[in-house]
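Colleague: Following UniProt numbering, the numbering of the sequence shown begins with 1 at its first residue and continues without gaps. Note that CB positions come from ideal geometry on N, CA and C, so glycine has one too. One structure, pasted below without further comment.
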Amino acid sequence: MAKPFEFNWRIPVPEVLQIGCVFDIWDEEYSVYESNCMVKVDEYGFFICWKSEGREGQVLECSQVNDIRLGLAPKVSDTKVLADILEKSPHSLDSRTVTVCSGLDLVNITYTLLIARDPDVAKVWFEGLRKITLNTKANNVCPMTQLKKHWIKLCCMVNPSGKIPVRGITRTFASGKTEKMVMSSLKDLGLPSGKGDEIDPGLFTFDKFYELYHMICPRSDIEDLFKSLSQNRSYLDIPQLIEFFNDRQRDPRLNEILFPFYNHFRVKNIIQSYETDADYLSKDWLSLDGFCRYLMSDENAPVFLDRLDIYMDMDQPLAHYIINSSHNTYLTGRQFGGRSSVEMYRQVLLAGCRCVELDCWDGRNEDQEPIITHGKAMCTDILFKDVIQAIKETAFVTSCYPVILSFENHCSKLQQYKMAKYCEDLLGDFLLKKPIEGHPLEPGVPLPSPNQLKFKILIKNKRLKPEVEKQQLEMFQKGMIQIVNEDSEVIEDPNVVATVDGEDGPLNDLVPTTKNTDTEAHPELAKTNTGSVDSDSELKKTSVKIPLSKKAKEELDDLLKTDSMDTALTADEEAALMSSYHYTGATTNIHPYLSAMVNYAQPVKFQGFDVAEERNVQYHMSSFNENTGLGYLKTQALEFVNYNKRQMSRIYPRGGRVDSSNFLPQIFWNAGCQMVALNFQTADINMQLNQGKFEYNSNCGYLLKPDFMRRPDRTFDPFSESPVDGVIAAHCSVQVISGQFLSDKKVGTYVEVDMYGLPTDTIRREFRTRVVPNNGLNPIYNEEPFVFRKVVLPELAVLRIAVFEDTGKLIGQRILPLDGLQAGYRHISLRTEGNFPLSLPTVFCRIILKTYVPVEFGDFVDALSAPILAMSQAEKREKAMKDMGIDERDISDVPVVRPTKINRPQNGQMSNSPNRMSQPNLNSVTGKKDDRRVPEEMIFEAITREKLTSEKIYFKLLRKQAKDLEMLKRRHQKERSMMQRAHCTVVDKLVATHDKEKSATEKSMEKKMKKNKDSSSDLKTHEGKVLNLVSDHKLKINELVVQQTKEWSDMVVRQMTEEHELWKEHIVQQNESLAKLLEDAQKEQMAELEAKQERENKELKANQAKHSMDSTKTVLNDKSIKNKAERERRIRELNENNTKKFIEERKRFAVKHNRQQEALKKVHLEQTEKMLAENQKAIEMIEMAYEEAKMATKPETDV
């Protein structure tokens, strides 16, 4: 980075340790006693060194020191030695002993005891040594500091006379150079150079050693780089250095504000820091020596050194972190017949582990002390209380963040109470017995954060249901101990479909029903005649019966008593044990006192991701063996990731790993599983990945998961082959240039470079250098870069660099997280198999990191990043014409008319208007132009009422309706005629009757008048009768007219109504016919559009298939790709990109087609609505005409 970072790796060494003090030293491993030794620590805190009179100097490297303890008196069998130790001080041996535990793995620990004269001195040294030995930053010092460290070691390892033997110096370089050359170089430096010579430490300064290093191991690799940068000059000036730092040493993905580019001022500071030549300093030049010093400095570290401190947010819920976790922590070796050790808990916690496992069983001795062992697997026992004491002493030495004790509890309730009391009494305030404020044990409440749980120890054990726990605790507190302690087992629900080994559900029954008798860890030692083991039938059913020989039984019994490593089992007996072994789940019959101590890590039986999501109880967690976990990843990967956003899960090795091998943890980290429990006693590649990953964030044991694996609104597929939203894929290449001090033997070496991450990012056993024979000192590889073209998820990826002998034996390895890796030329220090630092071995590499760019966009990105250098097509053509002899002045400037991409109609409407469906560009997949004529836009004729009324079906309906109307009119006319005739006949009859009556009356009057000629009164009477008769006749005529008028009017109205109903029915039929015609016409248009779109889709798919085949052939014919795996990866990536591109292309087509269909549907809907409106209008007009006719109707008569 451009801004300097001050790497404060040194912890001040107390002055009393530098001055030194006299101790007696006892080596526990070799039973070697050395009296009156002057013990010192160098000023850097690299070594604990001591020397006694007449003996050679000894050193103990602090980076290999695991623990410092006060006490632990030596086990001295020699009475003379013991007497010598005791007589030197009246104080107890235990109080004045400082024990230094060291080793290159977690199992084989060497105990070196420093016995002081006074307890106060021992205490001072204990505190000082513990402070400086727990310095994880010192494991990441630069090669220059490592050279100084080795020089200090040479100066400490003096002979009895206090001088440095020449032979010790020659051994440093023996793996690549002959003794003769080393001695010649010493002679050239003016130092003693004979085989038996010795050098005064005062003369052998670090400058002399550094000069000797360059004489024997000249850095020709750095010299070649220097020459290429300086153009074969002897110096680099500031402009050249600025270009080097910005172009080669800087990751272009970095933020320019947080990580600014190198400038004149910054480069000048670098020159002043590393240049030793005064003349070059005055000219602001950097020599080869200064350049080499810079490349070997802390400022040029391969990782961002601030990642070694706490740099992550530690205030997120526990479920948002990956937690360093151990499986069967107590075992030092195999799972069957292995040795259990309390020491493993100390070593694992000191190594940064935050979750340890305790398999608890009832003790076999009279004191009934709970033990820890691998039950029914013939492993040795350790006391539960000793483990708790060890955890208390080491839990928060390396990290202050919470420790989780994962109990697999097989104990009876009486011994469970003892376990709870040991936890309470020994752990004290460290034990978290109650939920903290703000995080109650309620559904939906997130787990507390690591910061909130600092210096707290959590117990992971099954817990009683709250009401059961409360009642049993009350009974226990009231003294009903016998009832509470009675062993019983809860019957589990047989309807639960998913079960996980070792994890059962919460207890539901208040009164348990089945006794828990299977608490015996070693049924293989049961003897029926002693009665020492319960012979209950349930125990017989679950015990393992193994056909062991009598001798094997005796030796196994001794093994369990003496804690010996040798099992004395034959291969057949071990096979019989493995085949007979049956896993016994932990008890569900929990003592309420222990149950009450469980809070944020409550194991439950896993019943499915949907059930867990519905319940949303975030303090519930489940365990899965690796096979079950892989099964869920295979079938429900996204659900597994979402589960791990809320709740914790624990993954442990399958039972078949009897050799304590480990599974690949990366695949479960990819899914967000928090506790991926590994066998810490096995330093295989999977354990190296674990320790290498957790080395960062101050080795605190907690690593924050990426944002997309924590947020509930984000979806993440751990098998994704395409970048996650918001995450930019990376490109990484590693060029292995050389190695330094790889081995102390003259052996051939080679380097492997692997990457672990998402499945698509994981590349293993593919990239390796050639073997450089017979040179373990400074081999030069100069390999072609190993290219990891596309790293989909850099945040989860790690790089592994491993060096091997030509025999395949691992020399050293290093795990580097990709998101913390620095680009440029870097020295990478190596680790042992157990991830302990190796002092001198380094690999010099060039690392290139940048944003991944697909091949097809490479030229475009280059043009964007350097637009001036990107020559346009016109410039290329101009240059070509100039090369042919055409003068530039002969080329005229002409206006460039760009063809429009979208052809717009003259009326200004868009071509994708509802009635104009544009032809899609089917050649967009290949990006090539097509000379074929593009089909014209599809135009659909508007469907109108006028057009539909001209249809044959409609005409046929109109003719039928006309006939119906004509028939109705004829019927009405006939009815009118009949009524008219009937009315006329009635009127005629009435008139005839009137005339007849009138004539008769008149005749009668005439006769009377003839008889009574002179009677005027009679005449008047007869006239009155005639008038009355006429009047009556008129009245009857009027009544008849009224009656007939009413009948005629009613008939007219009825006929008008019938005619109206028929017209209305005809209009409805016409409307229905038009609607049917409209629907058929619209369907025809839609079918025509779909047929056209189907043709377009077929043509698109054909073009895509052709493009895919062509691009695959291009990769297959690319001769620059020499690696088969790389070719397959390219093809796979190409297919993935093509698939993604094709899918997007098809999506665009689908969207476009859908838009066209929606537009056409919209037009059709408008047409339908218009048709319905017109139909309704026609009906309304008929009704209006009918109403007007009714209003205009007047009474009529036909007489």
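Does the contact criterion of 3 or more C-beta pairs under 8 Å hold for the region 1169-1178 versus the region 1071-1091?
Modeller: yes
Colleague: Where are the alpha helix (DSSP H) runs, 4 residues long or more, that stay fully inside the region 273-333, in chain order?
Modeller: 278-282 and 288-295
Colleague: Taking all protein chains shown into account, decide if residue 1248 is buried (16 or more other Cβ within 10 angstroms of its Cβ) or exposed.
Modeller: Residue coverage of the chain in this structure runs from 1 to 1199, which leaves residue 1248 outside it and unanswerable.
Colleague: Mind checking which residues open and close the beta strand (DSSP E) that includes tryptophan 26?
Modeller: The residue you call residue 26 lines up with position 26 of the sequence shown. Segment 21-27, the beta strand (DSSP E) holding tryptophan 26.
Colleague: Run through the DSSP bridge pairs and tell me what methionine 675 is partnered with.
Modeller: Against the sequence shown, residue 675 aligns to sequence position 675. Methionine 675 is bridged to Ile323 and Arg650.
Colleague: May I have the straight-line CA-CA distance separating proline 192 from isoleucine 164, to the nearest angstrom?
Modeller: The count along the sequence shown starts at 1 and reaches residue 192 at position 192. The count along the sequence shown starts at 1 and reaches residue 164 at position 164. C-alpha separation (whole angstroms): 10 Å.
Colleague: Output the boundary residues of the alpha helix (DSSP H) element that contains proline 466.
Modeller: Here residue 466 is taken as the residue at index 466 of the sequence shown, counted from 1. Run containing proline 466: 466-477, per the alpha helix (DSSP H) assignment.
Colleague: Following a CB-centred definition, is lysine 693 positioned closer than 7 Å to any heavy atom of the ligand NAD?
Modeller: Among the components modelled here there is no ligand, and therefore nothing to report on the ligand NAD.
Colleague: Helix, strand or coil: how does DSSP classify tyrosine 750 here?
Modeller: The count along the sequence shown starts at 1 and reaches residue 750 at position 750. Residue state, collapsed to three classes: strand.
Colleague: So, at 7 Å on beta carbons, what are the nonlocal neighbours of isoleucine 1131 in its own chain, with the 5 sequence-adjacent residues on each side left out?
Modeller: Translated into the one-based positions of the sequence shown, residue 1131 becomes position 1131. Once the five neighbours on either side are set aside, the close Cβ partners of isoleucine 1131 are Thr1112 and Val1115.
Colleague: Determine, using beta-carbon pairs with one atom in the region 204-211 and one in the region 147-155, whether at least three such pairs fall under 8 Å.
Modeller: yes
Colleague: Just to confirm my understanding: we take leucine 830, look at its own chain, exclude 5 residues before and 5 after, and list those with CB closer than 6 Å. What are they?
Modeller: The residue you call residue 830 lines up with position 830 of the sequence shown. Result list for leucine 830: Gly812, Arg814, Leu838 and Pro841, in chain order.
Colleague: When the Cα of serine 977 is compared with those of Ser1004, Met1051, His1033 and Glu1039, which residue comes out closest?
Modeller: As a working mapping, residue 977 is identified with position 977 in the sequence shown. Ranking the options by Cα distance to serine 977, first place goes to Met1051.
Colleague: Would you mind sorting glutamate 6 into buried or exposed? The rule is 16 or more other CB atoms within 10 Å of its CB.
Modeller: Sequence index remark: in the sequence shown, residue 6 carries index 6 (1-based). Glutamate 6 should be labelled exposed.
Colleague: CB-CB under 6 Å to glycine 672, same chain, minus the five flanking residues each way: which ones, in chain order?
Modeller: What you label residue 672 is simply residue 672 of the sequence shown in a count that begins at 1. Cβ neighbours of glycine 672 beyond the five flanking positions: Val641, Asn644, Lys705 and Met709.
Colleague: Please go through the region 202-258 and give each complete alpha helix (DSSP H) segment of 4 or more residues, from N-terminal end onward.
Modeller: 206-216, 220-230 and 238-248
Colleague: Would you mind stating whether arginine 233 and lysine 195 have Cβ atoms separated by less than 8 Å?
Modeller: Position 233 of the sequence shown, counting from 1, holds the residue named residue 233. Position 195 of the sequence shown, counting from 1, holds the residue named residue 195. Note that the C-beta distance between arginine 233 and lysine 195 is not below 8 Å.
Colleague: For a test of the three-state rule: what should DSSP assign to glutamine 1069, helix, strand or coil?
Modeller: The residue labelled residue 1069 in the question sits at position 1069 within the sequence shown. It is helical.
Colleague: Nearest by alpha-carbon distance to glutamate 34: which of Trp26, Leu664 and Val41 is it?
Modeller: If you number the sequence shown from 1, residue 34 lands on position 34. Looking at the Cα atoms, Trp26 is the closest of the given residues.
Colleague: Taking just the CA atoms, how far does tyrosine 111 sit from glutamate 555?
Modeller: Locating residue 555 in the sequence shown gives position 555, counting from the first residue. Locating residue 111 in the sequence shown gives position 111, counting from the first residue. Confidence in glutamate 555 is poor, its pLDDT being 45 and thus under 50, which makes the residue's placement unreliable; the coordinate value appears in the next sentence. If I take the Cα positions, the gap works out to 28 Å.
Colleague: Which residue's Cα is closest to the Cα of arginine 96: Val853, Leu70 and Glu43?
Modeller: Here residue 96 refers to the residue found at position 96 of the sequence shown. With distances taken between Cα atoms, arginine 96 lies closest to Leu70.
Colleague: Do the CB positions of tryptophan 9 and lysine 137 come within less than 8 Å of each other?
Modeller: Here residue 9 is taken as the residue at index 9 of the sequence shown, counted from 1. Here residue 137 is taken as the residue at index 137 of the sequence shown, counted from 1. For tryptophan 9 and lysine 137, yes; Cβs fall inside 8 Å.
Colleague: Taking the beta carbon of histidine 374 as the centre, do at least 16 other beta carbons fall within 10 Å, making it buried, or is it exposed?
Modeller: Position 374 of the sequence shown, counted from the start, is the residue given in the question as residue 374. Buried.
Colleague: Would you say glutamine 24 and isoleucine 85 are within 8 Å of each other, going by their C-beta atoms?
Modeller: Locating residue 24 in the sequence shown gives position 24, where the first residue counts as 1. Locating residue 85 in the sequence shown gives position 85, where the first residue counts as 1. Per the sequence shown, residue 24 should be read as aspartate rather than glutamine. Yes.
Colleague: Using a Cβ-Cβ cut-off of 6 Å (strictly less than) and excluding sequence neighbours within five positions of aspartate 353, which residues of its own chain qualify?
Modeller: Position 353 of the sequence shown holds residue 353. The sequence as given places cysteine at residue 353; aspartate does not occur at that position. Taking C-beta separations shorter than 6 Å and ignoring five residues to either side along the sequence, the partners of cysteine 353 in its chain run Asn324 and Ser326, following chain order.
Colleague: Within this structure, are the beta carbons of threonine 762 and glutamate 721 separated by less than 8 Å?
Modeller: On the sequence shown, position 762 is the one that residue 762 refers to. On the sequence shown, position 721 is the one that residue 721 refers to. For threonine 762 and glutamate 721, no; Cβs fall outside 8 Å.
Colleague: Give the DSSP bridge partners of residue 1204, in chain order.
Modeller: This structure leaves residue 1204 out entirely; the chain is present only between 1 and 1199.
Colleague: Which one of Gly808, Asn835, Asp806 and Ile847 has the shortest CA to CA distance from aspartate 819?
Modeller: The residue given as residue 819 occupies position 819 in the sequence shown. Looking at the Cα atoms, Ile847 is the closest of the given residues.
Colleague: Just to confirm, is the Cβ distance from alanine 409 to cysteine 360 under 8 Å?
Modeller: Counting from one through the sequence shown, the residue named residue 409 turns up at place 409. Counting from one through the sequence shown, the residue named residue 360 turns up at place 360. Per the sequence presented here, residue 409 reads as asparagine, with alanine not at that position. In this structure, cysteine 360 lies closer than 8 Å to asparagine 409 by Cβ.
Colleague: Would a C-beta distance cut-off of 8 Å place isoleucine 382 and serine 341 closer than the cut-off?
Modeller: Taking the first residue of the sequence shown as position 1, residue 382 is located at position 382. Taking the first residue of the sequence shown as position 1, residue 341 is located at position 341. Result yes, Cβ atoms of isoleucine 382 and serine 341 sit closer than 8 Å.
Colleague: Give me whichever residues DSSP pairs with proline 165 in a beta bridge.
Modeller: As a first step, residue 165 is located in the sequence shown; it is residue number 165 there, counting from the start. Looking at the DSSP output, proline 165 shares a beta bridge with Glu198.
Colleague: Thinking C-alpha only, which one of Leu664, Asn451 and Gln240 is nearest histidine 320?
Modeller: The residue given as residue 320 occupies position 320 in the sequence shown. Cα-wise, what sits closest to histidine 320 is Asn451.
Colleague: Determine which residues share a DSSP beta bridge with proline 837 and list them.
Modeller: Sequence index remark: in the sequence shown, residue 837 carries index 837 (1-based). Answer by DSSP bridge pairing, in chain order: Arg831.
Colleague: Quick check: what's the CA-CA separation for tyrosine 330 versus leucine 308?
Modeller: Stepping through the sequence shown from its first residue, residue 330 is reached at position 330. Stepping through the sequence shown from its first residue, residue 308 is reached at position 308. Cα-Cα distance, rounded: 29 Å.
Colleague: Hey, quick one: how far does the beta strand (DSSP E) through residue 1200 stretch, first residue to last?
Modeller: Nothing about residue 1200 can be read from this structure; the chain reaches only from 1 to 1199.
Colleague: Would you kindly report the start and end of the unbroken alpha helix (DSSP H) that includes residue 1225?
Modeller: Outside the displayed range of the chain (1 to 1199) lies residue 1225, so it cannot be described from this structure.
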